[in-house]
Each structure stands twice: as C-alpha cells, then as structure tokens.
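A.B. asks: Going down the list, the protein sequences come from chains A and B. For the first sequence, the working numbering assigns the number 902 to the initial residue and increments by one for each residue that follows. For the second sequence, the working numbering assigns the number 19 to the initial residue and increments by one for each residue that follows. All residues carry an ideal CB built from backbone N, CA and C; glycine is no exception. This is the structure, below, for whatever I ask next.
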Amino acid sequence: MDTTAFLTDLADTLEVEASDLSNDFVLEQGNWNSLSLVATMALIDEHCDVTVDVLALRKCVTVGDVLRLIE
Amino acid sequence: MSLSSCIAAIATHLPEYVLTNEELAREYPDWDVDKIYEKTGIHTRAIVAPHETAADLGIAAATKLFQQGVCSPCEIDYLLYCTQSPDYFLPTTACIMQSRLGLPTSCGALDFNLGCSGFVYGLSLAKGLIETHQANRILLVTAETYSRYIHPDDRSVRTLFSDGAAATLITASDAPVPEIGPFIFGTDGQGAKHLIMPGGAQRARIGTAISTARISPSGEPITDDYLFMDGPEIFSFTLTAVPKMIHAILEHALLTLDDIDYIIFHQANKFILDALRKKLKLPEEKYCINMDTYGNTVSSTIPMALAKAKQEGIIKSGQRILLAGFGVGYSWAATIITLR
C-alpha cells in the first residue's frame with residue numbers, strides 16, 4: 902500500500918490537512934462519523950483491496966490504529 | 019414445446035410530494051445542500067402522501083403499463099407483488115390489487131417480501147412460471163413506502179430512501195435463446211439485524227414494552243418502531259458479496275464483462291455504486307447511476323433504471339444487460355437479460 906496516498910485520501914475524508922495526520926492523530930478531531938467511517942472503509946478497500954471488519958474500525962481511536970488494522 | 023420468457027414492458031410511478039435537499043438542509047442546519055448531494059448522489063426523493071400506500075403506487079404503475087397498450091388487464095394470468103409495505107398483514111395485498119386492477123379471477127396472485135433483491139427474484143419467479151407452462155403473461159409489481167418506517171430525525175436514512183413503484187410485464191416468448199437468465203442467488207440472515215424494521219410484526223409489536231428508545235451506532239435516535247440501518251455494515255456486506263456475485267453470474271453464463279453491454283445495480287446510493295465500480299474496474303459508460311431524482315426506491319430501483327436507460331437510448335434492443343440486486347436480508351440476486 903502507498904501509505905502517503907492513503908493518508909492524503911484519509912485527510913480528505915476527515916476534512917483536515919494531510920500534514921496534520923500523525924499516527925497519534927485522534928480521528929474524532931476530524932470529521933469522524935458514520936459517513937466518514939464508510940468512506941474510510943472504501944479507501945481501505947481501494948488502496949489495500951481488503952474489506953475491514955466494521956467493529957474493528959469502529960474501535961479505532963487514532964490514525965495509527967487504522968494503519969495497524971490494515972497492515 | 020420449449021418456452022422462453024422476456025420483459026415486454028415496464029412502467030414506473032413516483033408519488034407527487036418531493037423532498038428536496040434544500041428542505042433537508044433547513045431541517046438539519048449543520049448539513050448543507052452540496053454536502054448531501056456529494057455524499058448520496060440524490061437531489062430529491064419522492065414521498066408517499068398520508069392517504070396512499072405502496073399498493074396505490076403499484077396500481078398507478080400498473081395502470082400506466084396498461085395504458086402503453088402492450089396488454090390489457092384481462093390478459094394477465096399471474097400477479098407477483100414484491101413489497102415490504104403491505105396494506106395489511108392479511109389478506110394478501112396482491113389479492114386486493116387483482117380486484118382493483120380488474121385482472122381476471124382466474125389469475126394467480128401472491129405477495130413476496132423482499133427488498134433490494136426483489137426485482138431480480140421476481141424475474142426468476144416469472145420465468146419459472148412461464149417456462150413450466152403455469153402462466154403466459156405475468157405482471158410483476160414492486161412497490162415500497164420506506165418513508166413510513168423512518169424516524170424523522172434519522173437523517174442518515176431519510177436522505178437515501180424514496181417511495182415508488184414499478185410494474186413489469188413478463189411474457190412468453192418464441193425467441194430461440196433465453197432472454198432472461200441465468201440467475202445467481204444469495205442469502206445471509208446473519209445480516210438481518212443491520213437493516214431491519216424491528217417493530218410492528220409478531221416479534222416486537224408496536225407499542226409493546228420491547229419497543230424502546232435507543233441510539234443507533236451512527237448516533238441517530240431510533241426505536242424499534244422505526245427502520246434501523248447500520249450503514250457501515252451494509253457497505254461492508256456489499257463490497258464483500260456483490261463482486262463475488264458478479265463473477266459468479268458471468269461464470270455461470272459463460273461470459274466475461276466484455277460480453278455485457280450495460281450493468282444495472284440496485285441503486286443503493288452513489289457512494290456504494292462508485293465503490294463497486296472501482297472494485298470491479300467497470301467502465302463508466304457501461305455503468306448506471308440513476309438516483310438523483312429518485313433516491314433509493316428499494317425493489318424498484320432496477321426496473322426504474324432499466325426503463326429510463328431504454329427511454330433515453332442508452333441501452334438498445336438486443337443488448338445484454340446484467341442486473342444485480344442486494345441489500346436487506348441480507349439477500350442478493352443477479353441475472354442477465356437480453357433487451358427486447
């Protein structure tokens with residue numbers, strides 16, 4: 902996976918600047934709701950060709966948690 | 019004699035009242051019009067009037083179909099009615115529709131309860147009835163009024179669904195090759211809880227103690243008296259089940275995507291359709307998105323898209339069209355038709 906490209910798209914989904922997205926960035930500091938959760942699932946599918954478990958993604962608190970989920 | 023079956027005509031009907039994004043944005047001040055459209059691909063949705071039911075919408079669609087002159091009510095020998103919004107628990111709504119439409123009393127009639135996969139299932143049932151010599155002219159009516167089930171504050175669902183109906187005439191055909199089929203089906207009841215109208219039937223009757231107020235995983239206020247949809251779970255199901263279904267139907271038909279002229283998926287929402295298109299690497303010109311003025315009409319999205327694409331000349335006679343429905347149940351089904 903191209904992590905930089907993924908994070909650029911994730912920043913767009915969260916409606917924040919890509920430069921803000923460190924591993925410690927708390928998702929709820931951005932636009933993190935049911936719609937952006939679905940959008941993130943779509944991004945993961947597009948970038949990694951995997952469909953993540955919804956419950957596991959819901960449990961993610963930070964960007965690092967999301968990256969660990971798809972590693 | 020071996021019989022084939024074909025789709026002879028389609029007519030559609032939407033209720034008069036239109037719920038716009040502007041109206042939704044007024045009700046939910048933290049949403050703006052452009053954002054609602056960007057997320058859903060929907061500008062407006064049609065909402066049933068207080069005095070109307072799904073059967074009324076279905077009757078209106080069927081009346082338009084008869085007005086096309088392809089067939090008269092007295093020639094129909096079977097009515098298939100797909101709805102999750104029946105007039106009554108009993109009697110069967112299709113029986114009432116037989117009388118209201120003036121279909122012969124020799125006509126078979128039944129309701130079947132399916133949502134987004136319902137049109138493809140209806141084609142399968144009709145084909146089976148015709149090709150086993152049980153019927154010759156089948157009226158398949160799909161009609162829904164999900165708006166009645168939705169909590170007014172549940173905006174994530176309210177933005178998506180529209181009420182509406184379609185009437186499709188399926189007749190015996192002397193074509194040398196099948197014009198409907200083959201079919202692929204799928205069911206996974208584990209997903210029932212993710213898109214459900216919990217109250218009102220026998221498991222949790224409206225107004226009983228079991229009907230309690232709670233908050234959905236998406237933060238929306240719901241009770242068992244209203245439709246519940248877990249959008250992320252539905253999205254996950256779609257991305258998992260639908261690509262497999264598409265590969266399976268093509269394999270079953272001994273075809274590849276290059277052999278298919280046009281693909282009509284259940285019009286769930288633009289976001290899901292875009293994700294499916296990317297995942298399946300489908301060319302945009304073969305791919306239908308038809309929901310900006312309809313929203314998601316559940317079992318009628320596919321016949322509505324089919325009728326519109328034909329009317330606009332996007333698809334033509336003799337072309338091979340792949341139809342795929344998926345959603346509530348979970349239930350999914352796909353077929354390939356050759357257009358008349």
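Within the stretch 286 to 332 of chain B, note down every full alpha helix (DSSP H) run reaching 4 residues or more, in order along the chain.
C.D. replies: For the stretch 286 to 332 of chain B, whole alpha helix (DSSP H) runs of length 4 or above, ordered along the chain, are 288 to 298 and 319 to 329.
A.B. asks: Could you pull the start and end residues of the beta strand (DSSP E) that Leu-178 of chain B belongs to?
C.D. replies: Counting from 1 along the second sequence, the entry for residue 178 of chain B is found at position 160. Taken as a continuous stretch (DSSP letters only), Leu-178 of chain B belongs to no beta strand (DSSP E), as it is neither H nor E.
A.B. asks: Taking contact to mean 3 or more Cβ pairs, one atom from each stretch, closer than 8 Å, check whether the stretch 910 to 917 of chain A and the stretch 927 to 940 of chain A are in contact.
C.D. replies: In short, these stretches touch, since the Cβ pair count reaches three.
A.B. asks: Could you please give the first and the last residue of the uninterrupted beta strand (DSSP E) stretch that includes Glu-162 of chain B?
C.D. replies: Position 144 of the second sequence holds residue 162 of chain B. Element bounds for Glu-162 of chain B: 155 to 162.
A.B. asks: Taking DSSP as the reference, what is the three-state secondary structure of Cys-100 of chain B?
C.D. replies: Position 82 of the second sequence, counted from the start, is the residue given in the question as residue 100 of chain B. Cys-100 of chain B: strand per DSSP, three-state reduction.
A.B. asks: DSSP state of Met-263 of chain B, grouped into three classes?
C.D. replies: Locating residue 263 of chain B in the second sequence gives position 245, where the first residue counts as 1. Looking at Met-263 of chain B - three-state DSSP - the assignment turns out to be helix.
A.B. asks: For Leu-141 of chain B, which option in B:Ser-117, B:Cys-100 and B:Met-115 has the closest C-alpha, if you only look at C-alpha atoms?
C.D. replies: On the second sequence, position 123 is the one that residue 141 of chain B refers to. Of the listed residues, the one whose Cα sits closest to Leu-141 of chain B is B:Cys-100.
A.B. asks: Measure the CB-CB distance between Leu-341 of chain B and Val-138 of chain B and report whether it falls below 8 Å.
C.D. replies: Within the second sequence, the letter at position 323 stands for residue 341 of chain B. Within the second sequence, the letter at position 120 stands for residue 138 of chain B. Yes; because the gap between Cβ atoms is below 8 Å, this pair is in contact.
A.B. asks: In three-state DSSP terms, what is Asp-129 of chain B?
C.D. replies: Along the second sequence, read from residue 1 onward, the residue named residue 129 of chain B stands at position 111. The answer is strand: DSSP assigns Asp-129 of chain B an E or B state.
A.B. asks: Whole angstroms is fine: what's the gap from Met-215 of chain B's alpha carbon to Tyr-244 of chain B's?
C.D. replies: The residue given as residue 215 of chain B occupies position 197 in the second sequence. The residue given as residue 244 of chain B occupies position 226 in the second sequence. One C-alpha to the other measures close to 6 Å.
A.B. asks: Against Asp-946 of chain A, what residues of chain B qualify as contacts under a CB-to-CB distance less than 7 Å, listed in chain order?
C.D. replies: Taking the first residue of the first sequence as 1, we reach residue 946 of chain A at position 45. Per Cβ cutoff of 7 Å: Leu-257, Ala-293 and Lys-297.
A.B. asks: Give a yes or no on whether 8 Å exceeds the smallest Cβ distance from Ala-943 of chain A to chain B.
C.D. replies: The count along the first sequence starts at 1 and reaches residue 943 of chain A at position 42. It does; some Cβ of chain B falls within 8 Å.
A.B. asks: Give the single residue among B:Phe-107, B:Ile-339, B:Arg-338 and B:Thr-319 whose Cα lies nearest to the Cα of Gly-345 of chain B.
C.D. replies: Here residue 345 of chain B is taken as the residue at index 327 of the second sequence, counted from 1. That would be B:Thr-319, whose Cα lies nearest to the Cα of Gly-345 of chain B.
A.B. asks: With DSSP as the reference, identify every bridge partner of Cys-24 of chain B, one or two as the case may be.
C.D. replies: Position 6 of the second sequence holds residue 24 of chain B. Bridge partners of Cys-24 of chain B: B:Thr-189.
A.B. asks: When the distance is taken between beta carbons, is Ala-72 of chain B closer than 8 Å to Ala-144 of chain B?
C.D. replies: Along the second sequence, one-based indexing puts residue 144 of chain B at 126. Along the second sequence, one-based indexing puts residue 72 of chain B at 54. Not a contact, by the Cβ cut-off of 8 Å.
A.B. asks: What is the DSSP secondary structure of His-61 of chain B, reduced to helix, strand or coil?
C.D. replies: As a first step, residue 61 of chain B must be located in the second sequence, where it is residue number 43. Coil.
A.B. asks: Note down the Cα distance separating Leu-922 of chain A from Met-942 of chain A, rounded to an integer number of angstroms.
C.D. replies: Sequence index remark: in the first sequence, residue 922 of chain A carries index 21 (1-based). Sequence index remark: in the first sequence, residue 942 of chain A carries index 41 (1-based). Approximately 17 Å between the Cα atoms of the pair.
A.B. asks: Taking 8 Å as the cut-off, does the stretch 122 to 135 of chain B touch the stretch 85 to 95 of chain B (at least 3 CB pairs, one atom from each stretch)?
C.D. replies: Yes, the stretch 85 to 95 of chain B touches the stretch 122 to 135 of chain B.
A.B. asks: Counting C-beta neighbours from all protein chains within 10 Å, is the total for Gly-87 of chain B 16 or more, i.e. buried, or is it exposed?
C.D. replies: On the second sequence, residue 87 of chain B is found 69 positions in, with the first residue counted as 1. Exposed.
A.B. asks: Taking Glu-251 of chain B as the query, report the chain A residues whose CB atoms sit under 8 Å from its CB, ordered along the chain.
C.D. replies: Along the second sequence, one-based indexing puts residue 251 of chain B at 233. What Glu-251 of chain B touches in chain A: Val-955.
A.B. asks: I need the straight-line Cα distance from Ile-307 of chain B to Arg-173 of chain B, nearest angstrom please.
C.D. replies: Translated into the one-based positions of the second sequence, residue 307 of chain B becomes position 289. Translated into the one-based positions of the second sequence, residue 173 of chain B becomes position 155. Roughly 22 Å between the two C-alpha positions.
A.B. asks: Using three-state DSSP, classify Ser-117 of chain B as helix, strand or coil.
C.D. replies: As a working note, residue 117 of chain B is residue 99 in the second sequence. In this structure, Ser-117 of chain B counts as helix in the three-state DSSP scheme.
A.B. asks: Where does Tyr-360 of chain B fall in DSSP's three states?
C.D. replies: Because residue 360 of chain B is not part of the residues shown, which for chain B are 19 to 358, the question remains open.
A.B. asks: Would you mind sorting Glu-972 of chain A into buried or exposed? The rule is 16 or more other CB atoms within 10 Å of its CB.
C.D. replies: The count along the first sequence starts at 1 and reaches residue 972 of chain A at position 71. It counts as exposed.
A.B. asks: Could you check what DSSP says for Ile-252 of chain B in three-state terms: helix, strand or coil?
C.D. replies: Within the second sequence, residue 252 of chain B is the residue found at index 234, counting from 1. Correct three-state label for Ile-252 of chain B: helix.
A.B. asks: Which of helix, strand or coil does DSSP assign to Leu-361 of chain B?
C.D. replies: Residue 361 of chain B is absent from the structure shown; chain B starts at 19 and stops at 358.
A.B. asks: Considering Cα atoms alone, identify which of B:Tyr-167, B:Phe-179 and B:Thr-189 is closest to Ala-219 of chain B.
C.D. replies: Taking the first residue of the second sequence as position 1, residue 219 of chain B is located at position 201. Nearest C-alpha to Ala-219 of chain B: B:Tyr-167.
A.B. asks: Taking C-beta pairs closer than 7 Å, name the residues in chain B that Leu-938 of chain A reaches, listed in chain order.
C.D. replies: The residue you call residue 938 of chain A lines up with position 37 of the first sequence. Under the 7 Å cutoff, chain B gives Pro-250.
A.B. asks: Please compile the residues from chain A whose C-beta is within a distance smaller than 7 Å of the C-beta of Ser-254 of chain B.
C.D. replies: To locate residue 254 of chain B, count along the second sequence from 1; it is residue 236. Result: Met-942, Thr-952 and Val-955.
A.B. asks: Along the beta strand (DSSP E) that carries Tyr-280 of chain B, what are the first and last residues, could you check?
C.D. replies: Here residue 280 of chain B corresponds to residue number 262 of the second sequence, with the count starting at 1. Its beta strand (DSSP E) spans residues 280 to 283.
A.B. asks: Per DSSP, what are the beta-bridge partners of Leu-108 of chain B in this structure?
C.D. replies: Indexing the second sequence from 1 puts residue 108 of chain B at position 90. DSSP output for Leu-108 of chain B lists no bridge partner at all.
A.B. asks: What span of residues does the beta strand (DSSP E) with Ala-352 of chain B cover, start to end?
C.D. replies: The sequence position of residue 352 of chain B within the second sequence is 334, counting from 1. Start and end: 349 to 356.
A.B. asks: I want to verify the contact list: residues of chain A whose CB lies under 8 Å from the CB of Ser-174 of chain B, in sequence order.
C.D. replies: The residue labelled residue 174 of chain B in the question sits at position 156 within the second sequence. Under the 8 Å cutoff, chain A gives Ser-935 and Leu-936.
A.B. asks: With a threshold of 7 Å on Cβ separation, who are the neighbours of Ile-355 of chain B within its own chain once the five nearest residues in sequence on each side are excluded?
C.D. replies: Along the second sequence, read from residue 1 onward, the residue named residue 355 of chain B stands at position 337. Around Ile-355 of chain B: Ile-25, Glu-197, Ile-198, Ile-339 and Leu-341.
A.B. asks: What is the residue span of the alpha helix (DSSP H) that Ile-945 of chain A lies within?
C.D. replies: For the purposes of this step, residue 945 of chain A is taken as residue 44 along the first sequence, with counting starting at 1. Looking at the DSSP string, the run of the alpha helix (DSSP H) that includes Ile-945 of chain A is 935 to 949.
A.B. asks: Assuming Thr-205 of chain B is part of the beta strand (DSSP E), what are its boundary residues?
C.D. replies: One-based indexing of the second sequence puts residue 205 of chain B at position 187. Counting along the chain, the beta strand (DSSP E) containing Thr-205 of chain B begins and ends at 198 to 205.
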